[in-house]
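For the sequence shown, the numbering used here assigns the number 24 to the initial residue and increments by one for each residue that follows. Ideal Cβ placement from N, Cα and C applies to all residues, glycine included. Notes follow once the structure below has been shown.
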Amino acid sequence: MDLQTLAAIVGPEGLITGADVRKRIVSWVDPSPCLALAIVRPASTEQVSKVLAACHAAGQPVVPMGGLTGLVRGCTAGPGEIGLSLERMHRIESVDTVNRTMTVEAGVPLQKVQEEAEKHGLLYPVDFGARGSAHVGGSVATNAGGNSVIRYGMTRDSVLGLEAVLADGTVIPAMNRMIKNNAAYDLKQLFIGSEGTLGIVTRLVLRLREMPRSTQTALVACARFQDVTALLKHMDAALGGTLSAFEVMWSEFYRTVTTPPAKGSAPVGQEHPYYVLIEATGADAERDQARFEEVLGEAIESGLVADAAIASSVAQRDAMWELRDNVEVFFRFGMPVAFDVSLPITEMERYVDEVLERLAKEWPAYQRYVFGHLGDGNLHIVAAGPPDRAAKAGIERCVYEPLAARSGSVSAEHGIGLEKQPWLPLSRSPAELELMKRLKAALDPHGILNPGRVLPA
Ligand code: ZN
């Protein structure tokens, strides 16, 4: 494709070529130089539309780029591909405190959205570790999950409306501001979670919630998996809908993040098989804390909880979350092979036992860790050891094959990208995949948008 065509649309500062492209990295998981043909940086929806119309006419593949924090190689632009970054579209347009909405351009970092909401006493509840770099548009395109899904749902549940540009440059203005709108098809859902394969999200109307005024946090240990699931039911029922996190760590994970060289110290002993980080949020600090302790006390009395530590300061709360968020620990042993699966909670114990047994037998040189958002049925499994292509394929079989019989998903919250594409048929039926291909063909007939990601090219 003639890059002059693009330069004429976006101006000189809107187009990066040659050595300047190589100065950029591929992504958070691959810090090698970006090999894209060029990176185009439109400054408005109109420019996005003209860029896509030109690429559509030329049959030029386009890879959308957000903050490059994805974990499935969904935005790695390679040779012959043009990266499309909305980094110049980072305006917060307005906050409406009565309707509790925020209107933004897609290139705003997630953390900026959270901070802007907070200034108005409001909460944008989507939150995950990469908040400082991730673009809110990318989090919508991937329907990101995170640590408070149990209370507020996935990103999808916090998007009221959006504007998207189709492959041929057609702008779809679907900037709905209402919670309810059943006037025919909810078109925004086509673009949420489709990883930039059906259109480019350019602007958003986000749903805000009231900012909680109190937070209660505890780290507890359980002796049996059935106690963990009973504890989830008990806490959720007794707290009346204020449970906002229920993060489980299997013993090996907990031991590693609370043993030097890891910096964290252990709030409760290391001898238990399961650990749960529990959090609730409310509106009355004193009464909420008393209720939280009472409900946790009941769980201890009934034997569901073997040991417990309640955070009595912000510093203690942060220290508990740092244990759960300590992913650096996996890199000590080389490049980790990381998974993001989901399955019914009732299947989880046997599934994890089966996977860990298989990994121990077939890949004994790899450290094995299990943790995740158990309240959402979402587990992260990590095998850490020497980087090795054959080992990676073998480890994938150990993790994915036992999922099939349980109708689990190969991606709970990270998406498919290039990374999980070969495994997609394990989680989706032939009829579902066929409908996805028909949607793709209807919206992107020349197949220029993120080709080969999610669906085969
Ligand atoms: Zn996660």
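Who are the near neighbours of I48 in its chain, counting only those whose CB is closer than 8 Å to its CB and skipping five residues on each side? P54, S55, P56, C57, L91
Decide if S108 is buried, meaning its Cβ has at least 16 other Cβ atoms within 10 Å, or exposed. buried
Could you tell me whether the segment 193 to 208 touches the segment 147 to 157, where touching means 3 or more Cβ pairs closer than 8 Å? no
Excluding five sequence neighbours on each side, which residues of the same chain lie with their C-beta closer than 8 Å to the C-beta of S50? L91, T92, G93, R96, C98, T99
On the three-pair Cβ rule with 8 Å, is the segment 290 to 304 touching the segment 269 to 276? yes
Does ligand 1 have a heavy atom nearer than 7 Å to the CB of E302? no
Consider the C-beta atom of E351 and the heavy atoms of ligand 2; say whether any pair is separated by less than 7 Å. Of the ligands one can find in the structure shown, namely ligand 1, none is ligand 2.
With DSSP as the reference, please indicate the residues paired to P196 in a beta bridge. E186
Would you say the beta carbon of G287 comes nearer than 7 Å to a heavy atom of ligand 1? no
Please state whether the Cβ-Cβ distance between F362 and H403 is less than 8 Å. yes
I439 - DSSP class collapsed to helix/strand/coil: coil
If you compare alpha carbons, which of G400, P453, P445 is closest to R429? G400
With a CB to CB cut of under 7 Å and the five nearest residues on each side skipped, what residues in its chain are close to T252? I368
Please return the same chain residues whose Cβ sits closer than 8 Å to the Cβ of A140, not counting the five positions on each side in sequence. V118, M125, L146, Y147, L231, M234
Looking at the secondary structure, which residues open and close the beta strand (DSSP E) in which C245 lies? 237 to 245
Where A406 and E377 are concerned, what is the direct C-alpha to C-alpha distance, given to the nearest angstrom? 14 Å
Quick check on the DSSP output: the alpha helix (DSSP H) that includes E79 runs from which residue to which? At residue 79 the sequence reads His, which differs from the Glu that was named. H79 -> alpha helix (DSSP H) spans 68 to 81.
Go through the residues and name those whose CB comes closer than 7 Å to any heavy atom of ligand 1, in chain order. F151, G168, G169, D363, G395, H396, N401, H403, E436
What does the Cβ neighbour count give for S2, buried or exposed, with the cut at 16 atoms within 10 Å? In the structure as shown, the chain begins at 24 and stops at 480. Residue 2 is therefore absent and cannot be evaluated.
With L472 and A190 assumed to form a contact (beta carbons below 8 Å), what rounded beta-carbon distance in angstroms separates them? 5 Å
Does the Cβ of Y297 have 16 or more other Cβ atoms within 10 Å, making it buried, or fewer, making it exposed? buried
Tell me which same chain residues have a C-beta within less than 6 Å of the C-beta of R226, skipping the five on either side of it? E128, E186
Taking the beta carbon of V133 as the centre, do at least 16 other beta carbons fall within 10 Å, making it buried, or is it exposed? Sequence inspection shows Leu at residue 133; the Val mentioned does not correspond to that position. Buried: at least 16 other Cβ atoms inside 10 Å.
Among E424, S450, L262, S274, which one has its Cα closest to the Cα of R247? S274
Could you tell me the alpha carbon to alpha carbon distance between L447 and S434, rounded to whole angstroms? 9 Å
8 Å contact criterion, which Y389 and I418 should meet: CB distance rounded: 7 Å
Which of helix, strand or coil DSSP assigns to I368: helix
May I have the straight-line CA-CA distance separating G160 from T238, to the nearest angstrom? 28 Å
Those residues which DSSP pairs with D53 across a bridge: S50
Through-space distance from N205 to N122, alpha-carbon basis: 18 Å
Residues bridged to Y297 [DSSP beta-bridge criterion]: C245, W273
Test item: CB-CB of D330 and V243 under 8 Å: yes
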